[in-house]
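Numbering (our numbering), first residue to last: 141 to 317.
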Amino acid sequence: MSSIICNVPVDVSVPPRFIVNLDLPPMLRWQYILRLYIDQLREVEKKIESMVNKIVGQWIGPMLESVLSTIMAGITQLGLVYYGQELKGISHTTGIPLGKLVMMQFVYECVSCCTSIICQDEETNTPMHIRSMDWGLDVLKQLTIDVDFQRNGQTVFKATTWIGYVGILTGMGVENG
Numbered sequence: 141m142s143s144i145i146c147n148v149p150v151d152v153s154v155p156p157r158f159i160v161n162l163d164l165p166p167m168l169r170w171q172y173i174l175r176l177y178i179d180q181l182r183e184v185e186k187k188i189e190s191m192v193n194k195i196v197g198q199w200i201g202p203m204l205e206s207v208l209s210t211i212m213a214g215i216t217q218l219g220l221v222y223y224g225q226e227l228k229g230i231s232h233t234t235g236i237p238l239g240k241l242v243m244m245q246f247v248y249e250c251v252s253c254c255t256s257i258i259c260q261d262e263e264t265n266t267p268m269h270i271r272s273m274d275w276g277l278d279v280l281k282q283l284t285i286d287v288d289f290q291r292n293g294q295t296v297f298k299a300t301t302w303i304g305y306v307g308i309l310t311g312m313g314v315e316n317g
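Take a look at the structure:
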């Protein structure tokens, strides 16, 4: 395979890997990981709260949080959001209000980017997809983890994500578990 030389920061490290058991109720899936990183997540919560207040104003930020909490509680109760129970579990474990967690999900979406490279191994002709997560919030580095999502004790997909974020930023399926 050809080598490509990139400008890679020296502080690049492999994130810790965890298992999320999809057989557990959604409210409990992230509990173990959250407890290990609660201080870091609270730090990110404060940074994001500060960012939101700078953008929308110091008075509108808390009002927005309250409105989002009410909306999220309602649509979760109706079963309209499949990840609502996971967010409720995160809120319960961390003490971060549900509305603030919803805002954090949106902020993550606004600051995250990725660079993708598709190439082919010259020896095997196997296509490769290389992806890097690029974001402007350095504080998110401490919340970056690799996750093996398992069902019935078998890994069904792997992902890199942030603790407290219920979406998948970059992931891949696993053939035959």
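All residues carry an ideal CB built from backbone N, CA and C; glycine is no exception.
Where does the unbroken beta strand (DSSP E) through residue i begin, and where does it stop?
i	result
Thr301	Gln294 to Trp302
Met312	Thr310 to Gly313
Just to confirm before moving on: does the CB-CB distance between residue i and residue j stay below 7 Å?
i	j	result
Pro166	Ile285	no
Leu227	Leu241	yes
Gln282	Gln180	yes
Thr300	Ser272	no
Ser209	Gly239	yes
Tyr223	Val306	yes
Leu164	Thr233	no
Does residue i come out as helix, strand or coil in the three-state DSSP assignment?
i	result
Ser142	Note that Ser142 scores 42 on pLDDT, short of 50, meaning its location in the model is unreliable; the coordinates nonetheless yield the value given after this. In the structure shown, Ser142 sits in coil (DSSP, three-state: anything other than H, G, I, E or B).
Gln290	strand
Thr233	helix
Val160	strand
Ser256	strand
Ser153	coil
Gly317	Bear in mind that the predicted position of Gly317 carries a pLDDT of just 46, short of 50, making it too unreliable to give a figure here.
Count the other C-beta atoms from every protein chain shown that fall within 10 angstroms of the C-beta of residue i, then say buried if there are 16 or more, exposed otherwise.
i	result
Ile258	exposed
Val128	No information on residue 128 is available, as it lies outside the stretch 141 to 317 that the chain covers here.
Val184	buried
Phe289	buried
Arg169	buried
Glu205	buried
Ser153	exposed
Gln198	exposed
Gln245	buried
Leu280	buried
Ser142	For Ser142, the predicted structure reports a pLDDT of 42, less than 50, and the residue's modelled location is therefore unreliable. The matter cannot be settled from this model.
Glu315	exposed
Val192	buried
Ile215	exposed
Let's see if you can read the secondary structure: which residues bound the alpha helix (DSSP H) around residue i?
i	result
Met212	Ile200 to Gln217
Glu263	Counting along the chain, Glu263 falls outside any alpha helix (DSSP H), and DSSP gives it neither H nor E.
Gln171	Gln171 to Leu176
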